[in-house]
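Protein chains in written order, with the UniProt record's numbering: chain V, 1 to 406; chain R, 1 to 406; chain D, 1 to 406; chain S, 1 to 406.
Think of the CB as a built atom: it goes at the ideal place given N, C-alpha and C, for glycine as much as any other residue.
Below: one structure, written as structure tokens.
Protein chains: 4
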Amino acid sequence: MALREETEQETGTPPPTATLGVGMVGYAFMGAAHSQGWRTAGHVFDMPVRPVLAAICGRDRTAVEAAAARHGWAAAETDWRALIARDDVQLVDICTPGDSHAEIAIAALEAGKHVLCEKPLANTVAEAEAMAQAAERAAARGQVAIVGFNYRKVPALTHARAMIEEGRLGRLRHVRATYLQDWLVDPESPLTWRLERERAGSGALGDLGAHIVDLAQYLAGEPLVGVSAVSETFVRERPVPAGAAAGLPGAADGTARGAVTVDDATLFTGRLASGALASFEATRMAAGRKNALRLEINGERGSIAFDLERLNELSFHDHTEPPTSAGFRRILVTEPQHPYLEAWWPPGHGLGYEHTFVHQARDVVRTIVEGRAPVPSFADGLQVQRVLAAVEESAAKNSVHTPVPF
Amino acid sequence: MALREETEQETGTPPPTATLGVGMVGYAFMGAAHSQGWRTAGHVFDMPVRPVLAAICGRDRTAVEAAAARHGWAAAETDWRALIARDDVQLVDICTPGDSHAEIAIAALEAGKHVLCEKPLANTVAEAEAMAQAAERAAARGQVAIVGFNYRKVPALTHARAMIEEGRLGRLRHVRATYLQDWLVDPESPLTWRLERERAGSGALGDLGAHIVDLAQYLAGEPLVGVSAVSETFVRERPVPAGAAAGLPGAADGTARGAVTVDDATLFTGRLASGALASFEATRMAAGRKNALRLEINGERGSIAFDLERLNELSFHDHTEPPTSAGFRRILVTEPQHPYLEAWWPPGHGLGYEHTFVHQARDVVRTIVEGRAPVPSFADGLQVQRVLAAVEESAAKNSVHTPVPF
Amino acid sequence: MALREETEQETGTPPPTATLGVGMVGYAFMGAAHSQGWRTAGHVFDMPVRPVLAAICGRDRTAVEAAAARHGWAAAETDWRALIARDDVQLVDICTPGDSHAEIAIAALEAGKHVLCEKPLANTVAEAEAMAQAAERAAARGQVAIVGFNYRKVPALTHARAMIEEGRLGRLRHVRATYLQDWLVDPESPLTWRLERERAGSGALGDLGAHIVDLAQYLAGEPLVGVSAVSETFVRERPVPAGAAAGLPGAADGTARGAVTVDDATLFTGRLASGALASFEATRMAAGRKNALRLEINGERGSIAFDLERLNELSFHDHTEPPTSAGFRRILVTEPQHPYLEAWWPPGHGLGYEHTFVHQARDVVRTIVEGRAPVPSFADGLQVQRVLAAVEESAAKNSVHTPVPF
Amino acid sequence: MALREETEQETGTPPPTATLGVGMVGYAFMGAAHSQGWRTAGHVFDMPVRPVLAAICGRDRTAVEAAAARHGWAAAETDWRALIARDDVQLVDICTPGDSHAEIAIAALEAGKHVLCEKPLANTVAEAEAMAQAAERAAARGQVAIVGFNYRKVPALTHARAMIEEGRLGRLRHVRATYLQDWLVDPESPLTWRLERERAGSGALGDLGAHIVDLAQYLAGEPLVGVSAVSETFVRERPVPAGAAAGLPGAADGTARGAVTVDDATLFTGRLASGALASFEATRMAAGRKNALRLEINGERGSIAFDLERLNELSFHDHTEPPTSAGFRRILVTEPQHPYLEAWWPPGHGLGYEHTFVHQARDVVRTIVEGRAPVPSFADGLQVQRVLAAVEESAAKNSVHTPVPF
């Protein structure tokens, strides 16, 4: 214990008795992260209703029941339609691969449920458009549809958005964003569904690029209007895991290989509506970079910089300071006045990755109860999808500058 | 979502049906942190029994019931003796100020309960000795008594200990440790129980110094044998909060002031058993340092460095490398092979402060169920107390080198 | 004094009596930096001949004589043709703006002199081609022509090249390079010759982009084969300084403005011959970034990273290390075994920007005396010019991928 | 070339014709560094007189003549008394080991010469007192005596002093300073004069500790009034180099070993006159730390931090900022408005270690010509010596707090 201030009186108010039943589809890593968010939010934040982990859904009965027990869900389903149909489920949380998002989300919205859907919203623009239309219809009925761009909930980034909105950076000139990982550096790393276009939609672009496109636009407060892209699959064949190799040449002796059908890395430049220039790089081949979502934004009055590997910190340069004392300062975004921090620990006692899901859970619940406009909405998710599609189109057309429709 | 690998099969095993009932005394910030640990451990780690948040105890009925509801405890008590007596409580978790640790811990042990006690173990060596003796008697009956030096559970520090144990640093020469905070920089910051010797035992020394003494000895694997200290209370009077000012001069007009009876800052040097030199600084007056628990250890074969404000990172210099390629490397301690990480998120998706309490909960449960020797034990807590007492003695005796009894 | 080792014997050998007469054209900042290099090299390094600062040339008699006295040149000339003609000048060092490089360099080479020419080699590919041809003819006569890409002489980058050549990074996947400055952020910053296409050739692209293109290719050991670019002039009119405003509207009242005819910022992506992807950003509008030439190269076996604002450091990640101990290490490139460091100070006693010119002077002299092939040659400078031209072409053609001729 | 602004007019003024003849005693590494300072200052700064490298002195005729040629000195002497007697020498620069400082400096002052003497001023307080008295007598005759605490001339530290003087930190609370090197980690590193008490006076204390004591007092603007110390020689015997082993056991077969008679490491705490607490650590056994002179000063209104391994940077925390935007900022001390920087390169184009000697040369010359009080004076050097003596006394007396006389 090394806390700063405490009294027995500081226990927060008791949680409310009203509840919101959550049903989650998918229970792999994203499911674990969302579960942690739903379990924790009500114990930390003052919430208008208490989220209840009503039911979880997966295809394998044994596995889904184990997951329910492990992650604290009251019931297990093996058919997502049954999950949607449950009376104790008011919100459907979709954590499956992208190819099933549209079908589940639209069905849930049409069944009158609120929806939280993992990013990217869908694998295609057409699916995303259908989803956004369903969300609009549902909004008219008072339902909420939110896309899970959880990194907006990193306090340092929420705070950065507030600073930019206040004008601390002035007119924006540059946005540069990378999302670098290294789990595909080894050419013998196996082929998984994430490397198959049919399931995953795209590779680094949809998985990592979607985050930095969303964050760049969220922070800047304006959309990308055009992009120019280059994309590459450095390792075009990878070993097929034993369980999935049946029928392939080499299956018998464990040497089966399959084609990688998504990008290992995609780079693109772009222009924001205001004329600011932007650059993006998403890759799974940057040896030593584990989760290097890095952002820098330069404006006429200041700059900010951020690195997800140090997520409690925001760098800020105030260009209105005298030159002798100006410099990038490292703000530890752990003060009680910082976003979300009023409910957590004393200054300097940092948060982690999973807290973004706790914050997301809080925000989803408040949006529903308070009847606020959903943020980020399915329309926001669709717009990101359009950027990704323009990126793919440009990469296919010799990098030519490709407008993003709106 | 930006994960690396996942399959629906990776859901972990379901939690066990056997349970361990936890009763917690105190429900301020430490209580919130411990609650988070107890609530979460069973959902994340494979655990031999499942911790149950049986009952929480505080003096004020309304407040403790609110805390129980907020933090997820099944029942509330207002008398710690009643808590200890409950049949559904097998482990008593003590989160109160230091002046009550001895009485509660000894009573709980004598009642046959396991005990987890916040640090510092006690406010005096005498109390700590009585506690260590009680723990020894209880151990003979199969009970566990553990002191809550939670920072040993930061994966980077657990990993650092493993590296030192393996000999990666060789013979140790230097340990330097600081724990810098800044919440008392403002001379108008109010007087709280933490600034009263009677309640808190000491100031920066017991609150912050206890952590770095424990960590230095834990990492080095050897005790301090003597110390030389200097201590200071820079601001000797502070405003008394309105609620506590009754009867004091100035109470009527809000200008009541009271004496600060603990140290604002304590510095000391010391020698470890092997002859290595050590230096320590604990302060609440280092403007801009929020939670700067910094450690560096230099040995004949290498060095490590750590900063709690960047708790997912460990710096390591391998002195056996050729000089042209040697340098402090920043290890992101987030790989599945790192301590505790097998159960958390993909590489680079960092943890936060509160995870130390989840890890502590896991380790306490495993120690109980597997019948292992408790670590850190009450004897370890007593030994830290003896170091703190030697520090105070040296500071009172003109900094003369003062041996630490063993 | 805090040195490590010294004896009176360690005084180095005395300098040679043979000399090399240097004549420098231009005496602004680059002239000052080159002067420092020529003055110092012979006092620090063991050199086969001693450089002599024979004569300096500028158009204004008074100014050039002051510069000669200030920077230690024996004579002053006002006509570069006279400088070239001097018997005591064996090497002509060209530090003028880019529009005069070709004429001076070709004349000097044809007069039988060695040439060191500041980068970028020229303002156009045609000029650069003529220069490279002249250099080739001169080489046949034993003359040396070198282009002043001085950042190759930063020890950390020379060392990085050696590591990549040794295979420490394996097959390369990514190169990312930025060169960020901020001296044009203020829209009222005045119009200078650097913002006029006629004098400067281009803006951020030629000034900053040329450096990172050269370094990327030098470090990777392979050329860029194509690029896709976007370019912008954010502030299209700037105040004309009083001295240059004569005849312009507003000259009388100091409100004269003139057009900026070069780029404020240029971004481009590219492919290296091996298939590695690259990204580049050169800008003078990145508030708070003073000299942020940053490079990162990722390969299958490791990665390196560098920042010119911390030029004594090289970051290196060895991907062949076990994951538990791998991480980017900060190599202080100040060991006697590091390039150029045998002649400087003890470890950790860092060098600065100007040392690149001392190293360049040493290397130019050794190249001449030892009859080695010049590096970087005018052919290297021409190839960089071709990359820059392809960048401009792509930016003009809607970012379409544009091959770099070879 | 990547400069910001330049015109041919910016050539500075020509150097003056008046000169100051310098005679230097000693020509090892410190001699090389001082030579670089004397050679360069007049070419960079506007100076009232031009320093001339008149003569250099060493015991070995061949070696000193080589050194003279190498470092640019006009003449060589083998007797320091002859050097002092030279008419062309007005300033004697003493770069010998500490045991000869007093004799040479006093003789030079009595001969009417100005003196610059390397730190530490002497090996004993008695010698330092005699030197300070000689300096006082000489001052009455218009002579200058300065001690070479060159790190005061690092622009970041000069700037830090200015900020503290302006009150940017408010009332000071803490000073912490380390000077960590690692060249003695290897127990087989040989015995040199630096490890012999007779020549060197002390070990890490005098070599490294003297710097941080001087800097702490310089930055704080107040003296240490007492200290408590611990000191250690970890490796008590080391190999004697072949050349020096004659007559020792083992000389024949190269296994001769000799006693280390100085400290490998010394740590101490202290109090400044204002009551602020300070801690110091000087060591040559910190593996991986090459030149880690690190300083942090915390005050009521702000804090500064510095690391000599990144000497172009100053960290500054402004505690009067709102908590949401406060944080340590990294000031690149390379702006033209920063101390000494008006004469150097554009922002972000950093300086190195040797520039401290250029700045020192400039300041010594200006002090002499402008008749200013010498800073740091021999009295300042004596006071540092008294602190070091108090440290040694405390270490010998069981760390008891020992006052520093004044």
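Quick check on this structure: which residue in the options has the alpha carbon closest to the alpha carbon of residue i?
i, options, result
"Leu272/V", "Glu232/D, Gly226/D, Pro339/D and Arg238/D", "Glu232/D"
"Val387/D", "Thr269/D, Val25/D and Arg81/D", "Thr269/D"
"Leu91/R", "Ala138/R, His71/R, Gly98/R and Glu127/R", "Ala138/R"
"His211/S", "Ala395/S, Leu184/S, Ala18/S and Pro376/S", "Pro376/S"
"Leu20/S", "His34/S, Asp88/S and Arg59/S", "Asp88/S"
"Pro120/V", "Lys113/V, Cys95/V and Glu136/V", "Cys95/V"
"Leu205/V", "His401/V, Phe406/V, Ser394/V and Pro403/V", "Ser394/V"
"Pro403/R", "Ile106/R, Gly226/R and Val125/R", "Gly226/R"
"Phe45/V", "Glu198/R, Gly72/R, Asp46/R and Val52/R", "Gly72/R"
"Ile368/S", "Met24/S, Arg59/S and Gly112/S", "Gly112/S"
"residue 470/D", "Val213/D, Glu77/D, Arg194/D and Phe328/D", "Outside the displayed span of chain D (1 to 406) sits residue 470/D, for which this structure offers no information."
"residue 435/S", "Val260/S, Leu332/S, Ala361/S and Pro322/S", "Because chain S is modelled from 1 through 406, residue 435/S falls outside the range shown and cannot be assessed."
Going along chain S, which residues have a C-beta under 7 angstroms from residue i?
i, result
"residue 410/R", "Since the first and last residues shown for chain R are 1 and 406, residue 410/R lies out of range."
"Gly299/R", "Ala287"
Based on the DSSP output, what are the partners of residue i in its beta bridges?
i, result
"Asn298/S", "His174/S and Ser303/S"
"Tyr218/S", "Bridge partners of Tyr218/S: none, in fact."
"Cys57/D", "Val25/D and Glu77/D"
"Cys95/S", "Paired residue(s): none; Cys95/S is not in a bridge."
"Glu313/R", "Leu332/R"
"Ala145/D", "Val115/D"
"Arg362/R", "Bridge partners of Arg362/R: none, in fact."
Could you name the residues of chain R that residue i contacts, counting a contact when the two beta carbons are closer than 7 angstroms?
i, result
"His349/V", "Asn291 and Tyr353"
"Leu332/D", "Gly327"
"His401/S", "Asn398 and Ser399"
"Phe316/D", "Ser325"
"Leu311/V", "Gly350"
If the cut is a Cβ gap below 7 angstroms, which residues of chain V does residue i touch?
i, result
"Gly302/D", "Ala287"
"His319/D", "Val185, Ala287 and Gly288"
"Asn123/D", "The premise fails here: Asn123/D is roughly 24 angstroms from chain V at the closest Cβ pair, so nothing lies under 7 angstroms."
"Pro323/S", "Glu335 and Gln337"
Can you name the residues of chain D whose CB is closer than 7 angstroms to the CB of residue i?
i, result
"Phe328/V", "Gly288"
Against residue i, what residues of chain R qualify as contacts under a CB-to-CB distance less than 8 angstroms, listed in chain order?
i, result
"Phe234/S", "Arg173 and Gly275"
Could you name the residues of chain V that residue i contacts, counting a contact when the two beta carbons are closer than 9 angstroms?
i, result
"His359/S", "By Cβ distance, chain V contributes nothing, its closest Cβ being about 17 angstroms from His359/S, past 9 angstroms."
Could you list which residues in chain V have their beta carbon closer than 8 angstroms to that of residue i, in chain order?
i, result
"Leu267/R", "Within chain V, no residue comes near Leu267/R; the closest Cβ sits about 17 angstroms away, beyond 8 angstroms."
"Val213/D", "Simply none; closest approach about 16 angstroms."
Kindly list, in the order they appear in chain S, the residues whose Cβ is closer than 8 angstroms to that of residue i.
i, result
"Arg39/D", "Arg39, Thr40 and His43"
| query | Quick check: the region 250–267 of chain V against the region 294–302 of chain D, are there 3 or more CB pairs under 8 angstroms? | reply | Short answer: they don't touch.
| field | At least 3 beta-carbon pairs within less than 8 angstroms: the region 240–251 of chain V vs the region 131–148 of chain V | value | no
| Whole beta strand (DSSP E) elements within the UniProt domain "GFO/IDH/MocA-like oxidoreductase" (159–304) of chain D, 3-residue minimum | Under the rule that a run must span 3 or more residues, the beta strand (DSSP E) segments found entirely inside the UniProt domain "GFO/IDH/MocA-like oxidoreductase" (159–304) of chain D read 172–180, 224–232, 237–239, 257–259, 265–272, 277–283 and 292–299.
| Counting Cβ pairs closer than 8 angstroms, one from the region 211–220 of chain V and one from the region 146–158 of chain V, do we hit at least three? | yes
| query | Is the region 127–134 of chain D touching the region 159–170 of chain D in the sense that three or more CB pairs, one from each, lie closer than 8 angstroms? | reply | With the cut-off at 8 angstroms, the region 159–170 of chain D and the region 127–134 of chain D do not touch.
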